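Q:
Chains as they are written, first to last, in the working numbering: chain A, -15 to 98; chain B, 242 to 355.
1. So that I know if they touch, is there some Cβ in chain B lying closer than 8 angstroms to that of residue 87/A?
2. For residue 308/B, does the three-state DSSP call read helix, strand or coil?
3. Closest Cβ-Cβ distance between residue 286/B and chain E: below 8 angstroms?
4. Ends of the beta strand (DSSP E) at residue 280/B?
5. Below 6 angstroms CB to CB, which residues in the same chain sit around residue 307/B once its five sequence neighbours on both sides are set aside?
6. I believe residue 5/A touches residue 31/A by the beta-carbon criterion, under 8 angstroms. Please report the beta-carbon distance rounded to the nearest angstrom.
7. So for residue 324/B, helix, strand or coil by DSSP?
8. Using the Cα positions of residue 25/A and residue 291/B, report the straight-line distance between them to the nearest angstrom.
9. Taking C-beta pairs closer than 7 angstroms, name the residues in chain A that residue 345/B reaches, listed in chain order.
10. Label residue 336/B either buried or exposed according to how many other C-beta atoms from any shown protein chain fall within 10 Å of its C-beta, with 16 as the threshold for buried.
11. In or out: residue 317/B buried (at least 16 other Cβ within 10 Å) or exposed?
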């Protein structure tokens, strides 16, 4: 078994601020993901990474940067927080694809922008 | 690109009645993998069941689903709803590629009442 940890659990920022969210996993999984969860809009993929130093854009990458410097960690940066933005950011990881492509999710970071 | 369509919004049921949450998908890949994830309140999404075999029923924790490639569907069913089934349910699609990238539907919230 393994675990995914996300920090911080709650993040409050100001409009225009640059904010960084962090994710660590000890599954030894190759692939990691960042999703944004908004009520009624499902889980939307922001970035994913199939190995250390790899980055792939998802459907919602505009306004975000990501960094995968180690296999176990994956960071997401909100480049300029938008006023009244409120969402949960979920990190996930998975082993190689096909039938084994189960994704395991972290507990989430809840973002509020004032 | 790939897309997943689920029963919209909120489904409210009385305990003991059958559950059916619809999921249809669109993809160019002939061998897609389909998943149902469940997210209880204040928890992370976790895998409920998965399938890649056409017309084969897959079951887990009282829920079942059958992938029908002819109709591009993977509906989630349970014969008798329990209060503890109240949660957010996501249907997701993978092309089976090595990056295990998933496309999620918008989610269906199931509320079971006594």
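Even for Gly, the Cβ is constructed at its ideal location relative to N, Cα and C.
Predicted model, so just to flag it, every value in this text is computed and none were measured.
A: In brief:
1. yes
2. coil
3. Judged by its chain identifiers, the structure shown contains no chain E, and its protein chains are A and B.
4. Note, residue 280/B: beta strand (DSSP E), 274 to 280.
5. 298
6. Contact doesn't hold; Cβ gap of about 11 angstroms is too wide.
7. helix
8. 22 angstroms
9. 26, 27
10. Buried, since its Cβ has 16 or more Cβ neighbours within 10 Å.
11. buried
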